[in-house]
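Novice: Once you've had a glance at the structure underneath, I'll fire off some questions.
In our numbering, the protein residues as written are 4 to 150.
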């Protein structure tokens, strides 16, 4: 069952509370047919029933994800900014906070954490190349001395 709670503001800086409807994942899972199709993308619930015939990838792609969390598939495809903007017209509410996955599982690029050991990806090859260069130079200079 959906629950409605006041949360957030209307975005106009006036501090007016707007109600947010929360849906449990079990309820979203029931909406997985051509009659009614709901998806979850990054914790938000979308009723995309009207969009089935318009989807450039075909309705089959949407039906595969129907009633489930389609965040990973949505990001893997690499949707355009226009597609992300279009989602807003199909938004009907949020996933209930008790059903949300921890954010560490999220593939939302805006929430990705920075790599703390990324320096190892470029420092080791550079040190290795320098070491090989010194060994090469040492080998050929010792060769030329012995000749």
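Idealized CB from N, CA, C, for every residue including glycine.
With a threshold of 8 Å, are at least 3 pairs of Cβ atoms found where one atom belongs to the segment 125-133 and the other to the segment 55-66?
Specialist: The segment 125-133 vs the segment 55-66: no contact.
Novice: In the DSSP assignment, the beta strand (DSSP E) including residue 47 goes from what residue to what residue?
Specialist: Where residue 47 is concerned, the enclosing beta strand (DSSP E) stretches over 47-50.
Novice: What are the start and end residues of the alpha helix (DSSP H) that includes residue 65?
Specialist: 62-68 is the extent of the alpha helix (DSSP H) around residue 65.
Novice: I'd like to know whether the C-beta atoms of residue 23 and residue 48 end up nearer to each other than 8 Å.
Specialist: No, the pair does not count as a contact, with Cβ atoms beyond the cut-off.
Novice: Tell me residue 178's beta-bridge partners as DSSP assigns them.
Specialist: Residue 178 cannot be examined here, being either before or after the span of the chain that is shown, 4 to 150.
Novice: Quick one: residues in its chain with C-beta nearer than 8 Å to the C-beta of residue 50, no 5 flanking neighbours on either side, listed in chain order?
Specialist: Taken in chain order, the residues that qualify are 34, 39, 40, 41, 93, 95.
Novice: Identify every residue that forms a DSSP beta bridge with residue 130.
Specialist: Paired residues: none, contrary to the question.
Novice: So, under 8 Å CB-CB, residue 84 and residue 46 are touching, yes? Tell me the CB distance rounded to an integer number of Å.
Specialist: The pair is not a contact, with the Cβ atoms about 20 Å apart (cut-off 8 Å).
Novice: Kindly indicate which three-state DSSP category residue 141 falls into: helix, strand or coil?
Specialist: It is helical.
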